[in-house]
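Numbering-wise, the sequence shown is residues 289 to 542 according to the working numbering.
Even for Gly, the Cβ is constructed at its ideal location relative to N, Cα and C.
Fair warning: this is a prediction, and the values are worked out from it, not measured in the lab.
The next block holds one structure in the form of structure tokens; read it before the comments.
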Amino acid sequence: MIVKIGASLGLAVLSMTTAIELTAETATVSHRDEIRNLTVSYQDSEEHTFSASEKAAIEAILSDTYDQVKAIYPDLADEVSVSVRTLARDLTMVGHVTGMAAAPGRIVIMISSLHPESLEVAARDGLAGTFAHELHHLRRGWTIEGNHYGPGIQIATINEGLAVIFAESITGVSKPGNMQPDEPTSLEWAREIRELPVDADYGTWMFQHPDGRMGVGYRTGRFLVQRAMENSGLDIVALSEQTPDEIWAWAEVE
């Protein structure tokens, strides 16, 4: 099922399931914004079929978050396609929701089906932050297909750190899995990353290192971006206009 959402509609309107024609193959929100639209599709699985209540909650959060990001970045894509599915994994450390910017204008969202309460609660906990994070990637051009950047963990670390801090600025929530260690350790990790070859394994440094460290790139990126903001005097929106090399320089990793 695909649902077209007028992105200017707020949480209050979209939480009213009567405003959505859920029985249609292509459902539309009444009084939608014809200029700024989200297209939301759901991928049901054997373990979970999205309910009308879950869809209404998800669409409300997506729409409200898009509006907030669009207000900051007017040049953000006017049409964004969002594919929502469940994932049978414990995502507590990242707010029960993860995602990826698959291509320009296209985002995939995965919500943990293992939340101790419900899928809807999982979405309310972490969807806004994840969607803001992925929208930042779209705007910056950091996508799996159609990527504007070259290879290298040094680049990935900065781009992910920017998105982490940007999402925190939108939601006011910091996710445990993105938090850096103490400053000496963070500096050590930053030096490690800086010396990596351009073809260093992405999964090792961004997700799980063989030595047991998790999310080294994300957590170091958050540290570097915070440090660059402090040293440059730029806020996260202004810093996001800079190149990875410029941000590394402002982070002053000796």
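Just verifying my parser: in three-state terms, what is the DSSP assignment at residue i?
i       : result
Val-372 : strand
Val-409 : helix
Arg-501 : coil
Glu-313 : Interpretation of Glu-313 is limited by its pLDDT of 32, a score under 50 that renders its predicted location unreliable; the figure taken from the coordinates is listed afterwards. Reduced to three states, the DSSP call for Glu-313 is coil.
Gly-438 : coil
His-424 : helix
Gly-429 : coil
Leu-379 : coil
Thr-281 : Shown here, the chain extends from 289 to 542; a query on residue 281 therefore has no answer.
Pro-485 : coil
Pro-464 : helix
Val-301 : The predicted model places Val-301 with a pLDDT of 24, which falls under 50 and marks its position as unreliable, so this point remains unresolved.
Just curious, the beta strand (DSSP E) that residue i is in, first and last residue?
i       : result
Thr-327 : 325-331
What are the partner residues of residue i, as DSSP defines its beta bridges?
i       : result
Glu-367 : Asn-325
Val-399 : Looking at the sequence shown, residue 399 is not Val but Ile. Per DSSP, Thr-374 and Val-385.
Ala-391 : Arg-394
Which whole-angstrom value describes the C-beta separation of residue i and residue j, a residue pair presumed to lie in contact below a C-beta threshold of 8 Å?
i       : j       : result
Leu-423 : Val-513 : Rounded, the Cβ-Cβ distance is 17 Å, inconsistent with contact.
Val-370 : Leu-350 : 6 Å
Val-368 : Ile-397 : In fact, because the Cβ distance is near 11 Å, the residues do not count as touching under 8 Å.
Ser-400 : Arg-377 : 6 Å
Ile-547 : Ala-391 : Outside the modelled stretch of the chain, which goes from 289 to 542, sits residue 547, for which no answer is possible.
Lys-343 : Tyr-361 : No, Lys-343 and Tyr-361 are not in contact; Cβ-Cβ is about 26 Å, not under 8 Å.
Ile-446 : Gly-521 : About 18 Å separates the two Cβ atoms, so there is no contact after all.
Gly-505 : Glu-448 : 6 Å
Thr-374 : His-336 : 5 Å
Gly-460 : Met-502 : Wrong, their Cβ atoms sit about 24 Å apart, outside the cutoff.
Phe-511 : Ala-537 : Rounded, the Cβ-Cβ distance is 15 Å, inconsistent with contact.
Considering residue i, what are the terminal residues of the alpha helix (DSSP H) in which it resides?
i       : result
Ala-344 : 340-360
Met-517 : 504-520
Tyr-490 : 490-494
Thr-445 : 441-459
Trp-538 : 532-539
Trp-477 : 471-482
Leu-527 : 524-527
Shorter than 9 Å from the beta carbon of residue i to some beta carbon of chain C?
i       : result
Ser-406 : Note that chain C does not occur in the displayed structure, where there is just one protein chain.
- Any contact of the segment 434-449 with the segment 490-498, i.e. 3+ C-beta pairs under 8 Å? Yes: the two stretches touch, three or more of their Cβ pairs being nearer than 8 Å.
- Query: Three or more C-beta pairs closer than 8 Å, one from the segment 377-392 and one from the segment 480-491: is that the case here?
  - Reply: Touching, no.
- Are there three or more Cβ pairs, one per stretch, closer than 8 Å when the segment 418-432 is compared with the segment 354-371? Output reads yes: the segment 354-371 touches the segment 418-432.
- Counting pairs of Cβ atoms below 8 Å between the segment 463-478 and the segment 509-523, do you hit three or more? Contact holds: three or more Cβ-Cβ distances are below 8 Å.
- Can we say the segment 414-421 touches the segment 446-461, given the rule of at least three CB pairs closer than 8 Å? Touching, per the Cβ criterion.
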